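Participant: Supplied in structure tokens, the structure appears directly below.
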Amino acid sequence: KDPNLFVAPCGSGQCEAAQRVNSNGQVSVDGNPLPRTPENNFNFTLRWGVPMGDNGEFYVFTDWTYWGENQMSLYYTPEFVTDSQYEGGLRVGYMNFSSGWEVAAFGRNITDEDNVLGYIDFSNLTGFVNEPAVWGIELKKQFGAF
Numbered sequence: 036k037d038p039n040l041f042v043a044p045c046g047s048g049q050c051e052a053a054q055r056v057n058s059n060g061q062v063s064v065d066g067n068p069l070p071r072t073p074e075n076n077f078n079f080t081l082r083w084g085v086p087m088g089d090n091g092e093f094y095v096f097t098d099w100t101y102w103g104e105n106q107m108s109l110y111y112t113p114e115f116v117t118d119s120q121y122e123g124g125l126r127v128g129y130m131n132f133s134s135g136w137e138v139a140a141f142g143r144n145i146t147d148e149d150n151v152l153g154y155i156d157f158s159n160l161t162g163f164v165n166e167p168a169v170w171g172i173e174l175k176k177q178f179g180a181f
């Protein structure tokens with residue numbers, strides 16, 4: 036905490052920072068949380084596999100992440116606060132241990148969420164988001180020892 040710590044807000048002047056403003060038009064960031072650090076963040080993975088013969092395995096893998104409300108900037112302004120967000124992935128495949136082959140179908144952002152990940156402060160009209168849902172097939176060959 037530092038009552039003398041101020042930053043320039045809203046690069047284009049198109050937002051309203053809600054902190055104390057000094058004579059230079061800068062806003063106080065005293066006591067504000069670090070930017071892009073949500074209070075809650077959870078990650079979860081689950082893998083299930085079943086043997087297929089003596090040398091293979093069928094598997095299903097999923098991973099999920101959740102993060103709570105997120106203040107994007109050093110200063111507080113409603114335009115730069117995101118709601119809670121989540122994203123998940125899925126992978127279904129078969130591995131043959133003796134030959135080193137693996138084939139899998141996968142998906143990233145399988146619920147096709149639109150999540151705001153950040154913004155550019157000097158523009159205020161530019162934000163960046165996560166990737167859209169992506170689906171694919173992967174074929175892999177392992178050469179030599181693991």
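Following our numbering, the numbering of the sequence shown begins with 36 at its first residue and continues without gaps.
Every residue, glycine too, gets a C-beta built ideally from N, C-alpha and C.
Model, not experiment: these values are computed from the prediction.
Suppose contacts are defined by Cβ-Cβ distances below 7 Å. Is VAL138 in contact with LEU174 by that definition?
Facilitator: In contact: VAL138 and LEU174 (Cβ atoms closer than 7 Å).
Participant: Buried or exposed: which applies to ASP37, given that a residue is buried once 16 or more other Cβ atoms fall within 10 Å of its Cβ?
Facilitator: The residue in question, ASP37, is exposed, as its Cβ has fewer than 16 Cβ neighbours within 10 Å.
Participant: Check whether the Cβ atoms of ASN131 and ASN150 lie closer than 7 Å to each other.
Facilitator: No, the pair does not count as a contact, with Cβ atoms beyond the cut-off.
Participant: Report yes or no: do three or more beta-carbon pairs, one from the stretch 57-72 and one from the stretch 38-45, lie closer than 8 Å?
Facilitator: As far as the Cβ criterion goes, the stretch 57-72 touches the stretch 38-45, which means the pair count is three or higher.
Participant: Taking 6 Å as the limit between beta carbons, can you name the residues of its chain near ARG55, skipping five residues before and five after?
Facilitator: Closer than 6 Å at the Cβ level, and outside the excluded window around ARG55, lie SER63.
Participant: Could you check where the beta strand (DSSP E) with MET87 kicks off and where it finishes?
Facilitator: From DSSP, the beta strand (DSSP E) with MET87 extends over 76-87.
Participant: Could you tell me the distance, in whole angstroms, from the CA atom of VAL85 to the CA atom of THR112?
Facilitator: Going by the C-alpha atoms only, they are around 51 Å apart.
Participant: Which residue from PHE163, GLU74, ARG143, LYS176 puts its Cα closest to that of GLU104?
Facilitator: Of PHE163, GLU74, ARG143, LYS176, the residue nearest in Cα terms is GLU74.
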